[in-house]
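Each number in our numbering corresponds to the 1-based position in the sequence shown with 6 added.
Even glycine gets a Cβ: it sits at the ideal position worked out from N, Cα and C.
Data block below; observations after.
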Amino acid sequence: MPTTRELLDEAAGALRASGIDTPRLDAELLLAMAIGVGRTAVVAHADAPVGADAERTFRTAIDRRLEGEPIAYLRGLREFRGIALAVDARALIPRPETELLVELALAELVRRLAAPGAAHGAAPGAAHGAAEARPLRVADVGTGSGAIAIALAVALRARGVTPEALDILATDISPDALDVARDNAVGHALGDRMRLMEVDLLPPLPVPATGSADAHGWDVIVANLPYIRSADLATLPAPVRHEPALALDGGADGLAVIDRLLERLPSALDGHGVALLEIGADQGTSIGEHVAALLPGWSCRVHADLAGLPRVAVVERMVELPA
């Protein structure tokens, strides 16, 4: 009966030889999954024997990893901004880069919720009574696993924001991805804090919040839409090629799907609304050009990620509309 050390050394060597970036870590995670313990237990008990069933499960997982399958799909989960999300081949794996989009969106939502008169969706800085009280409306477009919407809902719940103050709609064109998002929302007890809808980008008209008869535009739109050029898909690393092409393919220039959302913003966003869009690291200039062409009179600011690369475009009207 092999020990954990023997299995780990063998697997890590095979993963390293195949060019896997984190061979030892991947081996430890997969062995821990096969045994049914935490990774620290595997590391701490290097001389412990591994049973036949666990060894068989482990070797199968290593073979799949050698074929390029992402470690997140093999484990069936991915941590994102401190929360655990179920993931599989039906939806894109949440990336650390997307956490910047969540942080910027969260800051925007907290600002709007805290501003005088804005707790229920009025323009930030407006006087009390300047707008009818209503929930702040947020749309997560192309939600995939639900990572962004769930991370926002969890963070705002922790800050004491009530379900009545916030209406979150998560959309996706893929029913399979929405099934993943639905499971994750249920797993984090968010049934009263977010809704899911199968639709291309956004519904034709904003869907009124539960119990409301009005249909204002969205206050905040967040989106991590496909932004990889079609010609580049075949050159992606093997793990990425296992992810849904629908969630990756951004057309000839990588901005085809984002452009379609930009065209919808004038009617989709509230007069004081804002859209936060994740972009590719080489699209910092082109996104500004696309906004200028498609949305005259709108502004586009680009935020860089921790690596200093363009990552999130913030798009909104430059001139405030009359109240």
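query, result
"Do the CB positions of residue 249 and residue 35 come within less than 9 Å of each other?", "no"
"Measuring CA to CA, which of 48, 149 and 33 is closest to residue 232?", "149"
"Can you grab the Cα-Cα spacing for the pair residue 197 / residue 191, in whole Å?", "7 Å"
"Count the other CB atoms within 10 Å of the CB of residue 66; is the residue buried (16 or more) or exposed (fewer)?", "exposed"
"Express the C-alpha separation of residue 48 and residue 14 in angstroms, rounding to a whole number.", "9 Å"
"Do residue 263 and residue 320 count as a contact pair if the criterion is CB distance below 9 Å?", "no"
"Helix, strand or coil for residue 201? Go by DSSP, reduced to three states.", "strand"
"Work out the CA separation of residue 291 and residue 116 for me, nearest whole Å.", "29 Å"
"Where are the beta strand (DSSP E) runs, 3 residues long or more, that stay fully inside the segment 47-116, in chain order?", "83-86 and 89-92"
"What's the call for residue 134, buried or exposed, on a 16-neighbour Cβ count within 10 Å?", "Note that residue 134 scores a pLDDT of 42, beneath 50, so its modelled location is shaky and nothing firm can be said."
"Since I believe residue 37 is in contact with residue 64 (beta carbons under 8 Å), could you give me their beta-carbon distance rounded to a whole number of angstroms?", "5 Å"
"Touch check for the segment 149-158 and the segment 81-94: three-plus C-beta pairs under 8 Å?", "yes"
"Measure how close the beta-carbons of residue 200 and residue 176 come, nearest whole angstrom, since I'm counting them as under 8 Å.", "6 Å"
"Report the rounded CA-to-CA distance for residue 60 versus residue 40, giving the unit in angstroms.", "5 Å"
"Could you tell me the distance, in whole angstroms, from the CA atom of residue 236 to the CA atom of residue 256?", "6 Å"
"Going by the CB atoms, is the gap between residue 174 and residue 145 shorter than 9 Å?", "yes"
"From 147, 311, 287 and 322, pick the residue whose C-alpha is nearest to that of residue 304; which is it?", "322"
"Using the Cβ count rule (16 or more neighbours within 10 Å means buried), how would you classify residue 10?", "buried"
"Cα separation between residue 311 and residue 103?", "7 Å"
"In or out: residue 151 buried (at least 16 other Cβ within 10 Å) or exposed?", "buried"
"What ranges does the alpha helix (DSSP H) occupy inside the segment 166-202, keeping only unbroken runs of at least 4 residues that lie completely in it?", "181-193"
"When you compare each of 120, 12, 297 and 163 to residue 51 by their alpha carbons, which one comes out closest?", "12"
"Does the beta carbon of residue 308 come closer than 9 Å to any beta carbon on chain B?", "The structure shown has no chain B; it contains just one protein chain."
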